[in-house]
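Number 88 in this note's numbering belongs to position 91 of the sequence shown; there are no gaps in the numbering.
Quick reminder that beta carbons are idealized off the backbone N, C-alpha and C, glycines included.
Down below is the structure, laid out as structure tokens.
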Amino acid sequence: MITRVKKIDADSLAEAREIILSGGVVAFPTETVYGLGGNALDDGAVKSIFEIKGRPNDNPLIAHVCEGYDLSRIVDFDPPYAAALRRAFLPGPLTLVYPSRGKVSPRVSCGLDTLAVRVPSHPGAQAFLRAVGVPVVAPSANLSKHVSPTSAAHVLDDFDGKIPLILDGGACTGGIESTVCDVTGEYPVILRPGLVTREMIERLAGRCGAAPATLGPGEKAKSPGMLYKHYSPRCRTLLFPEDGRAEAEDAFRRETAAGNRALFLCEGKLADELNARGMSALNLGYCGEEMAARLYGLLREAEKRADVLIAVEPAERGGVMTGVLNRLKKACASADIPH
Ligand code: AMP
Ligand code: MG
């Protein structure tokens, strides 16, 4: 199969529509990362998305719809706080998990009785979703466990020859996946942190929970996909805490002496300082938003340039940094175990 990368225009949208409505898949940009889209109503299309990505079949998908789509067609129940969240943050990088009406393929939610729905704000995503006219499941357009894609070139790196069409909408500005928030209970609970932060949701809904980062014995994850090693570059990774920079520098010297290409990944000021001292460092940026936007591109750069990536946790906490640290820790996790 030849994979074409096309700018988003009337022709490429018509082609995308034809592919999606005949059960195929199309990669498209959103404000967070690129998605691998398929018709959520079509069992075969949903199945093929799991296959193409190599995604574990207990990791449910998010249904994407265009602005103005009547949500009551696919989900039930709407506490007042959920309506308030939609008014404040949609379209945007927030996915809400509702009780499902069972109208989409049962494969979408992997047997759960809930359905995650997102309305992305990216104009290219909106145009694509309007053109196809059906809810579209769209996990990140990368091979499972690999780094999520924030450009059409990243998608091509993972899926060249495996999908027919990539709609190219330029670089994603958000950079990490949507916040996933459960709205089936009395108050919202964040299952995956992202650019719509816990603080933002709390301010609006009065209260906001967050799923624990680790599970106790016998506990079942509400959001199964959160359990896996994820977002990982194809080089060795070492992650040091914010106060572990002396140890990180030791590791850099040790690796370099052993003939390995080592690269640091750290926040702006530290990266500038290390680079000035001749120790190669990738610069994540100087604030949370910048770090979110750059993280995945730098992880992909690292796997091309380095044998070992030596990451140092930025010191900033809360807000967008909760999502950035969540992704960084998973990218540098050493095994495919619950964490
Ligand atoms: P991705 O498609 O790679 O952005 O991942 C989707 C995320 O949404 C994963 O963390 C899933 O576990 C989560 N998710 C999707 N559907 C549900 C659902 N019905 N309940 C809880 N989490 C969900
Ligand atoms: Mg993903």
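Residue interval of the beta strand (DSSP E) (run including residue i)
| i | result |
| --- | --- |
| Ala24 | 23 to 25 |
| Tyr95 | 91 to 96 |
| Phe237 | 233 to 237 |
| Ala60 | 59 to 61 |
Three-state secondary structure assigned by DSSP to residue i
| i | result |
| --- | --- |
| Lys3 | strand |
| Lys326 | helix |
| Leu140 | coil |
| Ile17 | helix |
| Leu271 | helix |
| Ser106 | coil |
| Gly85 | The amino acid at residue 85 is misidentified as Gly; the sequence shows Ala. If DSSP states are grouped into helix, strand and coil, Ala85 belongs with the helices. |
| Gly191 | coil |
| Gly206 | strand |
| Val101 | coil |
| Ser118 | coil |
| Ser229 | strand |
| Val317 | helix |
| His336 | Note that His336 has pLDDT 36, beneath the 50 cutoff, so the model's placement of it is unreliable and the number below is only indicative. In the structure shown, His336 sits in coil (DSSP, three-state: anything other than H, G, I, E or B). |
Residue burial classification, residue i (beta-carbon count within 10 angstroms, cutoff 16)
| i | result |
| --- | --- |
| Ser102 | buried |
| Ile(-1) | exposed |
| Gly34 | buried |
| Ser9 | buried |
| Met223 | Unreliable placement is indicated for Met223, whose pLDDT of 49 sits below 50; no coordinate value is reported for it. |
| Ala124 | buried |
| Ala312 | exposed |
| Phe237 | buried |
| Asn54 | exposed |
| Ala42 | buried |
| Gly99 | exposed |
| Glu174 | buried |
| Pro185 | buried |
| Ala254 | exposed |
| Ser145 | buried |
| Gly341 | Any property of residue 341 remains undetermined from this structure, which presents the chain solely from -2 to 336. |
Cβ separation of residue i and residue j, assumed to be a contact under 8 angstroms, to the nearest whole Å
| i | j | result |
| --- | --- | --- |
| Asn257 | Val317 | That pair is no contact at about 32 angstroms. |
| Ser229 | His143 | 7 angstroms |
| Gly320 | Ala289 | 6 angstroms |
| Leu295 | Ala328 | Wrong, their Cβ atoms sit about 10 angstroms apart, outside the cutoff. |
| Thr92 | Cys178 | 7 angstroms |
Residue range of the alpha helix (DSSP H) that includes residue i
| i | result |
| --- | --- |
| Ala351 | In the structure as shown, the chain starts at -2 and stops at 336, and residue 351 therefore has no counterpart that could be examined. |
| Thr253 | 242 to 254 |
| Leu367 | Nothing can be reported for residue 367: it is not among the residues displayed for the chain, which extend from -2 to 336. |
| Met197 | 195 to 202 |
| Glu64 | Segment: none, Glu64 is in no alpha helix (DSSP H) and carries neither H nor E. |
| Asp55 | Per DSSP, Asp55 belongs to no alpha helix (DSSP H) and is neither H nor E. |
Report the start-end ranges of each beta strand (DSSP E) in the region 259 to 315 that is 3 residues or longer and not cut off at the edges. 259 to 263, 278 to 280, 305 to 309
Uninterrupted alpha helix (DSSP H) stretches inside the region 121 to 189 (no shorter than 4 residues): 149 to 156
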